[in-house]
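**Q** Residue numbers (this note's numbering): 1 to 503. Beta carbons: idealized from backbone N, C-alpha and C, even for Gly.
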Amino acid sequence: MLEMRAIEKRFDAVVALNGAQLKSSAGEIRALLGSNGSGKSTMIKVLAGLVAPDRGKIFVDGQPVTILSGLDSKRLGIATAFQDLSLIPTMSVTDNILLGNEPLNSVGIVDTKQAQQTIRDLLDRFHIDCDPAAYVQTLPPSTQTMLEVAKAVSLHPRILLLDEVTAALHYDEIQVLFQILRELKAEGMSIIYVTHRMNEVFEICDSATIMRSGETVIDAPISELNLDDIVFYMTGQRPEVASADACCESTTEGELVLDVKDLEVYPKVWGISMKAYKGEIVGIGGLQGQGQPELIRVLLGAEKLAAGTIEFCGKPIHLKSPADAVSLGIGFVSGERGREAMFPLRTVEENIVAGKVAKGGIFQYLTPKSLRNFAKDAVEKYEIKIGALHHPASSLSGGNQQKLVIARWIAMNPVLLLLDDPTKGVDIHSRREIHKILRRCADEGMTILISSSDSEELLDISDRIYVFYEGSISDVLCDESKTADRLVAAMMGMNAANRKAGA
Ligand SMILES: Nc1ncnc2c1ncn2[C@@H]1O[C@H](COP(=O)(O)OP(=O)(O)OP(=O)(O)O)[C@@H](O)[C@H]1O
Ligand SMILES: [Mg+2]
């Protein structure tokens with residue numbers, strides 16, 4: 001149905017695509033895989049008419065086509081859900097979905113009734129619970145992502161491109177999405193699916209195209225690939241032993257760094273008691289919005305607690321602002337890099353040293369050269385793929401932007417590091433590297449609290465996992481109880497009867 005041949009694209013000195021190929025057929029879900037910066041989003045953007053390739057050919061149904069604009073792409077029956085959402089934040093849900101695709105009545109005027117019905121059906125189908133008149137910017141990130149996909153699907157495309165749409169979604173939302181994708185596939189749609197979550201590849205995809213440094217390295221049915229093969233094709237290296245360090249030791253005897261008792265945050269979090277010890281990696285799991293963000297925000301000093309106490313290194317603390325938290329040695333990495341963590345128009349170097357400067361204080365003199373070296377080291381250590389240190393951070397691929405933010409905070413060496421979906425959009429190889437770095441930091445005495453929407457990541461990295469359900473802790477998992485089944489059950493509140501708080 002679709003074929004891209006020998007696609008080349010340069011952005012100044014950066015070669016984004018170097019002869020990349022991609023084929024897809026009707027009634028197929030094809031995974032498009034590759035490390036951060038390997039060129040996946042650029043391929044998607046070429047098909048969407050947002051990036052003009054320097055060279056290469058595209059065929060639809062065997063006919064050569066030229067895609068010079070979004071309109072060309074749409075005419076060919078292609079619809080796209082982008083990694084950096086294309087919704088307009090200051091417009092309503094309805095207007096965003098209908099934009100450029102308004103249903104017209106017989107005299108050519110927008111048929112409002114028909115439009116409202118279409119929107120209602122679409123929101124129902126995607127289980128999106130929101131007011132169609134709400135401004136998109138007021139909705140949680142995962143709802144925005146669901147809308148981005150719903151919008152693409154509403155165009156009834158023949159070819160649907162999904163660029164990392166599940167990075168911001170939670171377990172229940174992903175199940176809804178997968179059901180819809182299966183239906184669309186049965187109807188004969190060709191779906192190209194970019195993801196870094198490997199369990200999804202095996203669950204939903206039929207075939208895979210794997211890219212490395214702008215080239216296509218393999219195209220194969222999923223049944224012929226296993227996880228190690230995929231990592232091999234992505235990186236060119238066979239992974240060392242199994243997956244990340246499965247350190248399961250309970251470190252619950254050491255020094256208590258964080259002791260939260262009976263925490264309440266108005267209106268929906270109550271009775272949260274939890275502990276984190278020195279050198280421990282504590283996971284926070286749960287479906288979207290079960291109180292995890294509130295906990296993190298309280299620990300950051302960004303939200304007020306209604307009741308309860310927080311002790312940090314043995315002393316009660318009362319945080320009034322994130323600056324208080326930073327001065328006590330509490331660091332924070334957010335998966336929402338655009339909104340909370342990155343300065344997109346500033347250079348890569350400025351973004352990395354931002355944290356160091358903040359902590360340096362006025363009496364610590366930092367020379368431009370030492371800052372530059374610091375930034376250079378960070379780029380090397382975290383293998384961040386950049387054009388040059390003076391390029392804007394927005395020129396990096398999604399996953400590389402996220403690595404930038406993580407590098408900055410780890411470099412500050414906080415006592416307690418709070419991570420909110422830190423590896424969202426980070427490829428599996430880099431994710432393992434980041435996990436190793438976090439484990440090393442923990443071994444050296446840092447305490448890490450990580451909230452993640454990705455169950456696999458939580459199970460991989462945490463010593464202990466507190467699972468949130470409807471604003472309270474529904475289960476605490478460690479050692480043998482740290483299993484995927486138990487985690488999912490607790491996330492769905494299926495064990496609320498034997499609810500226990502604290503370790
Ligand atoms: N507008 C741009 N200006 C400069 N460089 C760019 C631009 N868009 C992409 N690049 C570069 O092209 C390369 C490929 O980027 P792309 O976004 O396609 O990667 P990706 O495979 O989608 O990665 P990720 O998994 O991190 O999303 C990267 O090195 C990126 O920095
Ligand atoms: Mg991308």
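Can you check the segment 34-72 for any alpha helix (DSSP H) of at least 4 residues that lies completely inside it and give the ranges in chain order?
**A** If we require 4 residues or more, the alpha helix (DSSP H) runs fully inside the segment 34-72 come out as 40-48.
**Q** Do G236 and F468 have their CB atoms nearer than 7 Å?
**A** no
**Q** Assuming V93 contacts A134 under a Cβ cut-off of 8 Å, what Cβ separation, rounded to an integer in Å, is found between them?
**A** 6 Å
**Q** Distance cutoff 7 Å, beta carbons only. Does Q114 sit that close to anything in chain B?
**A** Reference to chain B is not applicable here, since this structure consists of a single protein chain.
**Q** Would you check whether ligand 3 has a heavy atom nearer than 6 Å to the C-beta of G19?
**A** As presented, the structure is devoid of ligand 3, carrying ligand 1 and ligand 2 as its sole ligands.
**Q** Starting from I352, follow its DSSP beta bridges and name the residues at the other end.
**A** Answer by DSSP bridge pairing: none, since I352 is not bridged.
**Q** Does the beta-carbon distance from T145 to L169 come in below 7 Å?
**A** With a cutoff of 7 Å on beta-carbon distance, T145 and L169 are scored as near each other.
**Q** Between N18, A341, I310, which has its C-alpha nearest E504's C-alpha?
**A** Lying outside 1 to 503, the shown extent of the chain, residue 504 is not represented and no answer is given.
**Q** Please work out which residues of its chain come closer than 8 Å, Cβ to Cβ, to T90, disregarding the five sequence neighbours upstream and downstream, and give them in chain order.
**A** Y135, V136, Q137
**Q** Measure the alpha-carbon distance for R440 versus I180 and round it to whole angstroms.
**A** 41 Å
**Q** Using the three-state DSSP reduction, which class does E255 fall into: helix, strand or coil?
**A** coil
**Q** Just the C-alpha distance for T423 and G108, rounded to the nearest angstrom, thanks.
**A** 47 Å
**Q** Label H435 either buried or exposed according to how many other C-beta atoms from any shown protein chain fall within 10 Å of its C-beta, with 16 as the threshold for buried.
**A** buried
**Q** Give the straight-line distance between the Cα atoms of Y171 and E470, rounded to the nearest whole angstrom.
**A** 15 Å
**Q** Give a yes or no on whether the C-beta atoms belonging to A325 and L300 are separated by under 7 Å.
**A** Going by C-beta atoms, A325 is nearer than 7 Å to L300.
**Q** Check whether the Cβ of Q14 sits closer than 6 Å to any heavy atom of ligand 1, and report yes or no.
**A** The displayed chain sequence assigns Val, not Gln, to residue 14. Checking the 6 Å criterion, the Cβ of V14 is within range of a heavy atom belonging to ligand 1.
**Q** Going by the CB atoms, is the gap between I281 and L161 shorter than 7 Å?
**A** no
**Q** Output the distance between the C-alpha atoms of K9 and T367, rounded to the nearest integer angstrom.
**A** Looking at the two C-alpha atoms, the distance is approximately 38 Å.
**Q** I'd like the span of the beta strand (DSSP E) that includes V15, first residue to last.
**A** Looking at the DSSP string, the run of the beta strand (DSSP E) that includes V15 is 14-24.
**Q** Relative to ligand 2, is the shortest distance from any of its heavy atoms to the C-beta of S41 smaller than 6 Å?
**A** Relative to ligand 2, the nearest heavy atom lies less than 6 Å away from the CB of S41.
**Q** Contact check, I210 vs Y193 under 8 Å by CB: the rounded distance?
**A** Not quite, the Cβ-Cβ distance comes to about 13 Å (not below 8 Å), so this is no contact.
**Q** So within the segment 385-445, which uninterrupted beta strand (DSSP E) runs reach at least 3 residues, ignoring any that extend past its ends?
**A** Counting whole runs of 3 or more residues, the segment 385-445 contains the beta strand (DSSP E) stretches 416-420.
**Q** Let me make sure I understand the geometry here. Which of K23, I448, K482 has the alpha-carbon closest to that of I218?
**A** K23
**Q** To the nearest angstrom, how far is it from the Cα of L477 to the Cα of T483?
**A** 8 Å
**Q** Report the rounded CA-to-CA distance for R297 versus R55, giving the unit in angstroms.
**A** 48 Å
**Q** What is the rounded straight-line gap between the Cα of V176 and the Cα of A378?
**A** 39 Å
**Q** According to DSSP, is F232 helix, strand or coil?
**A** helix
**Q** May I have the straight-line CA-CA distance separating L155 from R238, to the nearest angstrom?
**A** 41 Å
**Q** How would you label H196, buried or exposed, when you count the other beta carbons within 10 angstroms and need 16 or more for buried?
**A** buried
**Q** Does the pairing of the segment 123-133 with the segment 64-77 give three or more beta-carbon distances under 8 Å?
**A** no
**Q** Please confirm whether any heavy atom of ligand 2 lies closer than 6 Å to the CB of Q83.
**A** yes
**Q** Where does A489 sit, in a helix, a strand or coil, going by DSSP?
**A** helix
**Q** Are three or more beta carbon pairs between the segment 304-321 and the segment 452-465 nearer than 8 Å?
**A** no
**Q** Applying the 10 Å Cβ sphere with the 16-neighbour rule, what's the burial state of A490?
**A** buried
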